[in-house]
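Keeping their order, the protein sequence lines are chains P and H.
Reminder that position 157 of the first sequence reads as 167 in my numbering, one-by-one numbering, no gaps.
Reminder that position 197 of the second sequence reads as 200 in my numbering, one-by-one numbering, no gaps.
Positions of the beta carbon are idealized from the N, C-alpha and C atoms, including for glycine.
None of the values given here were measured: they were computed from a predicted structure.
For reference, the structure is listed below as structure tokens.
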Amino acid sequence: MRRIFLSFIYCFLMRTFLKLIVGVNYRNKEVLKKTKQFIIVANHNSHVDAMALMSAIPSAKIKHVHPVAAGDYFGKSPFKAFVTRLFVNALLIPRSRPVEGEGPDPVQMMVAMLDKGESLILFPEGSRGEPGKMQKFKKGIAFLLEKHPEIPFVPAYMQGMGKILPKGDAVLVPFNSYVIFGEPEFCISTDPEKIVMQVENSILSLQPNKVS
Amino acid sequence: MFSIEKFQQNHDLFIVIALIFGILIFATLLFSIWGMLRPEANLGELKARTRSWWVMATIFVSATVFNPVISFVAFAFLSFAALRELIPISKNVRESDRRTLVWCYLSVPVQYYIAYQGWYGAFLIFIPVFMFLWIPFMLVVNGDTKDISRSMGVLPTQLMFCVFGISHLAYLLSLPEIEGFQAGGRGLLLFLVFITEMNDVFQFTWGKLFGKFKIIPKVSPNKTWEGFIGGVLSTTIVGYFLYFLTPLTPLQAMGVSFIVAVTGFIGDVVVSAIKRDVGVKDTGAAIPGHGGILDRIDSLATTAPVFFHIVYFLAY
């Protein structure tokens, strides 16, 4: 039931809307079909990002893919949290804990998901940045890949999303934009710093130099 | 509404559609045999172009043959997609213009609705007069005056190309019927699109075969005098034989084809110049082997209004 619901929203409605009206172009999204379990890591500029990535997921898998979202933003009220979970299939994590060591550990929550065989969509920048500029990556992704070195990460570079719906604006404007997936990769190091570097470089290497 | 029966009685249209698919079959066979005989020849681009032509011809012909509403929606979408492709590559459109862009996009359905209703006067003034005033006003309301005159210049120009120009294709279908002229608006539409696209192909082919002297090397290094003259002459001759699709005399049809061929060249180089300015070769990648949608319809954006108004003057 849940699979049909999510497939209908993303693989049909959202995909058609994004491709025909908004003008999102996908590159190499077949990699998601070939890979069983994965962590998609991408740059983050807009609320459209998670929608665009979810629409690329093959319908057979969509139930098992969870975008990781900021609990302090999307989970402000129980209703907002419910809606985000229902429509985006999101995993809500607290971005910061009031007191260190108190409350649920965000990394543990993500690891628990991966343990169950679920896939994640992660924006290691932590929050939406300036359009066209990538912020420094947070370390969370490194801890996940360290715990689960057998799960590959799929780098994705998104271009132009910040122009469709930038931070702080509510008007959605069509714009020719790109979602480019790279090949799945396994982390080659156990050092969190190096893992973050690898992920960051994989995403940046997908950057097309054609359109600015 | 469903006019396939009427279409079957209309032999003129049938001949041209058969001709279009005949040419496509011929080209497909030619390239695959050529590729088999000479595997070293680099035909990848030509083959990709032919494949795209198949898809476009099928969509275009089916939209023309069946319900006219489908044609209007298809053309409106074409305008919208071309506009969406042109805006990201224009560096003169500022970040703060995004709300004004919404008005640009909204003008598409309005213009096509007017075309569908056949309101001739409104059709002619909506973009060049009304939007020409409204867009600068909306830019002013937005409040960012730095470089505002650039946006005021660029946005209405893009609307003229992508929306006003292309919508003339659709308006051909709203033209009143003329007694004794069987092919009607569909005939004119087929004539225009066929002539314009053949002109592109002719100019490309003549240029490839005999091209030597460049016309505007700074803008479009592939455009040569041989390609231009050969293309214009071939198109003029083809136009002469297709006169039966128009309410014109054979001689008039020849003259119109000549003008369409020259205008098609103009549209092509103008979009090339825009692309050169921003430093991209193809405006998008929606159609494989063809660059973007705009790369295919750049010549139609200029030929459609010119053709429309000449025919309107001569026959309506």
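Residues of the stretch 102 to 133 of chain H with Cβ closer than 7 Å to any Cβ of chain P, in chain order: The residues in question are R102, L104, V105, Y108.
Simplified DSSP state of L154 of chain P, which is helix, strand or coil: DSSP places L154 of chain P within a helical segment (H, G or I) once states are collapsed to three.
Minimum Cβ-Cβ distance from P77 of chain P to chain H less than 8 Å: no
Closer than 8 Å to chain P by CB, Y97 of chain H: Tyr is not the amino acid found at residue 97 of chain H; the sequence shown has Arg there. False, the Cβ-Cβ gap to chain P never drops below 8 Å.
Complete alpha helix (DSSP H) runs within the stretch 180 to 250 of chain H (minimum length 4 residues, chain order): 187 to 213, 228 to 244
The stretch 235 to 255 of chain H in contact with the stretch 170 to 177 of chain H per 3-pair CB rule at 8 Å: Judged by Cβ distances under 8 Å, the stretch 235 to 255 of chain H makes no contact with the stretch 170 to 177 of chain H, as fewer than three pairs qualify.
Under 7 Å from the C-beta of P91 of chain H: neighbouring residues of chain A: Here chain A cannot be found, since the structure's protein chains are P and H.
Beta carbon of P165 of chain P nearer than 8 Å to that of I213 of chain P: yes
Coil, strand or helix - M168 of chain P by DSSP: strand
When P:C197, P:K44, P:I103, P:F185 are compared against A152 of chain P, the one with the closest alpha-carbon: Here the closest residue by C-alpha is P:C197.
Sequence-distant residues of its chain with Cβ nearer than 7 Å to W228 of chain H (five each side left out): F216, I218
Chain H contacts from the stretch 134 to 152 of chain P (Cβ-Cβ distance under 7 Å): Cβ contacts with chain H come from no residue of the stretch 134 to 152 of chain P.
Beta-carbon spacing of E128 of chain P, I205 of chain P below 8 Å: No. Outside cutoff.
Closest by C-alpha distance to R102 of chain H, when choosing among H:G146, H:M59, H:R41, H:T61: H:G146
In DSSP terms, what Y116 of chain H is bridged to: Per DSSP, none; premise fails for Y116 of chain H.
Option nearest M24 of chain P by Cα separation, candidates P:F147, P:M61, P:S69: P:M61
Paired residues, beta bridge with A80 of chain P - DSSP: Residue pairing from DSSP places A80 of chain P in a beta bridge opposite P:I103.
Opening and closing residue of the beta strand (DSSP E) in which F191 of chain P lies: First-last of the beta strand (DSSP E) with F191 of chain P: 187 to 191.
Within chain H, the residues that G33 of chain P reaches when beta carbons sit closer than 7 Å: R87
Proximal residues to P250 of chain H (C-beta, below 7 Å), its chain only, five neighbours per side dropped: I181, F184, A318
Beta carbon proximity, M4 of chain H to chain P, threshold 8 Å: Residue confidence is low: M4 of chain H scores 40 on pLDDT, short of 50, so the model does not pin down where it sits. No coordinate-derived value is stated.
Cβ distance (whole Å) where I198 of chain H is taken to contact V263 of chain H below 8 Å: At roughly 5 Å, the Cβ-Cβ gap stays under 8 Å, so I198 of chain H and V263 of chain H are in contact.
Within 8 Å, strictly: CB atoms of Q161 of chain H and L86 of chain H: Going by C-beta atoms, Q161 of chain H is nearer than 8 Å to L86 of chain H.
Beta carbon of V181 of chain P nearer than 8 Å to that of V96 of chain H: no
When P:H76, P:P176, P:I67, P:R138 are compared against Y20 of chain P, the one with the closest alpha-carbon: When only C-alpha atoms are compared, the closest one is P:I67.
Proximal residues of chain H, C-beta to C-beta of V181 of chain P below 8 Å: R101, R102, V105
S17 of chain P to M59 of chain H span [Cα, whole Å]: 29 Å
As assigned by DSSP and simplified to three states, the class of F69 of chain H: coil
Delimiting residues of the alpha helix (DSSP H) encompassing Y2 of chain P: Only positions 11 to 222 of chain P appear in the structure, and residue 2 of chain P is not among them; the question remains open.
Local conformation of I198 of chain P per DSSP, three classes: I198 of chain P sits in coil when the DSSP states are folded into three classes, being neither helix nor strand.
Whole-angstrom distance between V64 of chain H and N70 of chain H, CA atom to CA atom: 11 Å
N-terminal and C-terminal residue of the alpha helix (DSSP H) that L124 of chain P is part of: If you look at L124 of chain P, you'll find it in the alpha helix (DSSP H) that goes 116 to 125.
Sequence-distant residues of its chain with Cβ nearer than 6 Å to T239 of chain H (five each side left out): Counting only Cβ-Cβ distances below 6 Å, and skipping sequence neighbours, we find M257, S260, F261.
CB-CB length for A3 of chain P against Y167 of chain P, believed under 8 Å: Summary: the structure shown does not reach residue 3 of chain P, with chain P confined to residues 11 through 222, and so no result is reported for it.
I128 of chain H - containing alpha helix (DSSP H), residue span: 123 to 128
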